[in-house]
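K.L.:
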Amino acid sequence: MKHIFIVNPGAGRRDATQDIEKQIAELATNYDTELYVTLDAGDATRYVRQRCMEEPDELIRFYACGGDGTINEVVSGVVGQANAEMTCYPSGSGNDYVKYYGGREVFLDLKQLVEGEAKKVDIMKVNDRYALNICNFGFDAIVCKTMINVRRKPVIGGNNAYTTGILKALFTGRRTRCRITVDGKIVNDGEILLCTLGNGRYVGGAYQCSPLSHNDDGLIEVCFFKPLSIIRFAKLIGSYRDGSFIHRNDIKDKMTYLQGKIIDIESPKPIDICVDGEMMFGSSFHIEQLERAVRFVVPQSTN
224 MKHIFIVNPG AGRRDATQDI EKQIAELATN YDTELYVTLD AGDATRYVRQ RCMEEPDELI
284 RFYACGGDGT INEVVSGVVG QANAEMTCYP SGSGNDYVKY YGGREVFLDL KQLVEGEAKK
344 VDIMKVNDRY ALNICNFGFD AIVCKTMINV RRKPVIGGNN AYTTGILKAL FTGRRTRCRI
404 TVDGKIVNDG EILLCTLGNG RYVGGAYQCS PLSHNDDGLI EVCFFKPLSI IRFAKLIGSY
464 RDGSFIHRND IKDKMTYLQG KIIDIESPKP IDICVDGEMM FGSSFHIEQL ERAVRFVVPQ
524 STN
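Quick note on this note's numbering: the sequence shown kicks off at 224 and runs consecutively.
1. Considering just the uninterrupted stretch of the alpha helix (DSSP H) at Asp-465, what are its terminal residues?
2. Can you tell me where the alpha helix (DSSP H) holding Phe-394 begins and where it ends?
3. DSSP on Ala-234, reduced to helix/strand/coil?
4. Determine the DSSP secondary structure at Gly-483, reduced to helix, strand or coil.
5. For Val-517, which beta-bridge partners are listed by DSSP?
6. Note down, in chain order, each residue of its chain lying with its Cβ closer than 6 Å to the Cβ of Asn-231, except the 5 sequence neighbours on either side.
7. Out of curiosity, what's the CA-to-CA distance linking Asp-280 and Asn-306?
8. So, is Val-378 buried or exposed, given that buried needs 16 or more other C-beta atoms within 10 angstroms?
9. Anyone know if the C-beta pair for Cys-432 and Tyr-385 falls short of 8 Å?
10. Could you tell me the boundaries of the beta strand (DSSP E) in which Ala-364 lies?
11. On a Cα-Cα basis, can you pick out the residue from Tyr-430, Cys-497, Gly-396 and Lys-342 that is closest to Asn-383?
12. Which word fits Gly-461, buried or exposed, when buried means at least 16 other C-beta atoms lie within 10 angstroms of its C-beta?
13. Would the region 390-402 count as touching the region 336-355 if we require 3 or more Cβ pairs under 8 Å?
14. Per DSSP, His-509 is paired with what?
15. If you follow the alpha helix (DSSP H) that Leu-417 is part of, which residue opens it and which one closes it?
16. Rank His-509, Pro-522 and His-437 by C-alpha distance to the C-alpha of Val-562 and give the top, closest one.
17. What first and last residue would you give for the beta strand (DSSP E) that runs through Asp-255?
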């Protein structure tokens, strides 16, 4: 097996390339390793596809060294490739997807990671793109755009970037008009505060937006809220962080939580949708669950 580490030098608060190089060097005597540093947005996807085509008879494990955006680029290259599997060395700001397996620390031990086991997981196809973790729009799209802008800034960036995004979105993004259809049934036709579509459970570094999610059950967790006052929203944030919001009776009149395989989003005006931390823009989105479509490696210590 070939182990290829794809490093995004722009991920996280600082460039982690040198740290990763040192760890890979320690593995080189026992494993066939390579390192590739991405050049620009979309480069990881192009590179993964190219390597899979060049070496169709070799099993290749790709390591997304970055945050959720880097994972998204790598999974977009891996999907449909019979000779490819992937995992993550989390060096980004949020590192949300790996929280499903216990958090970033267990993925930072490369020895445990290279000896890890590949598990088949679901991914969402969003128009012509893919999402492994979370898609969100409405309020959350404003939050996501803000996070991208502030992630490397002191105090308001890093692990605080999502909170910074919330504060901005409170004044600019609390109402989005859209129609949401789940498996052919219209579940919303009016204004919403936010909507999340989840295979993973976390967004924004700490917020458990899809607490009932299983990433290999063939179902997308769909959660949306009708518009809330600022005061009522402020009371929601704590339970949105720990996932307990789904049990709160005082917001059931404003919240819908369900599952589905095919979701269609239509909006009278173009809107932003955040796909694993990357932005898409349009007025029509078709999201389809691809069941157990990618092999994702989890560290040996988690098995």
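Quick reminder that beta carbons are idealized off the backbone N, C-alpha and C, glycines included.
P.N.:
Here's the rundown:
1. Numbered from 1 along the sequence shown, position 242 holds the residue referred to as residue 465. Per DSSP, Asp-465 belongs to the alpha helix (DSSP H) from 453-465.
2. The count along the sequence shown starts at 1 and reaches residue 394 at position 171. Unbroken alpha helix (DSSP H) run through Phe-394: 384-395.
3. For the purposes of this step, residue 234 is taken as the residue at position 11 of the sequence shown. It is coil, neither helix nor strand.
4. Counting from 1 along the sequence shown, the entry for residue 483 is found at position 260. Gly-483 falls in the strand class under three-state DSSP.
5. Taking the first residue of the sequence shown as 1, we reach residue 517 at position 294. Answer is Val-344.
6. Taking the first residue of the sequence shown as position 1, residue 231 is located at position 8. Thr-261, Gly-289 and Thr-293, listed in sequence order.
7. Indexing the sequence shown from 1 puts residue 280 at position 57. Indexing the sequence shown from 1 puts residue 306 at position 83. Cα to Cα, the separation comes out at about 7 Å.
8. Here residue 378 refers to the residue found at position 155 when the sequence shown is read from its first residue. Burial call: exposed.
9. Residue 432 sits at position 209 when you count from the first residue of the sequence shown. Residue 385 sits at position 162 when you count from the first residue of the sequence shown. No. Outside cutoff.
10. Counting from one through the sequence shown, the residue named residue 364 turns up at place 141. Ala-364 -> not in any beta strand (DSSP E); alpha helix (DSSP H) instead, spanning 362-373.
11. Taking the first residue of the sequence shown as position 1, residue 383 is located at position 160. Per the Cα distances, Tyr-430.
12. Position 238 of the sequence shown, counted from the start, is the residue given in the question as residue 461. Gly-461 comes out exposed.
13. no
14. The count along the sequence shown starts at 1 and reaches residue 509 at position 286. Answer is Asp-487.
15. Reading the sequence shown from its first residue, position 194 is the one you call residue 417. Leu-417 -> not in any alpha helix (DSSP H); beta strand (DSSP E) instead, spanning 417-421.
16. Only positions 224 to 526 of the chain appear in this structure, which leaves residue 562 out of reach.
17. Sequence index remark: in the sequence shown, residue 255 carries index 32 (1-based). Segment 255-260, the beta strand (DSSP E) holding Asp-255.
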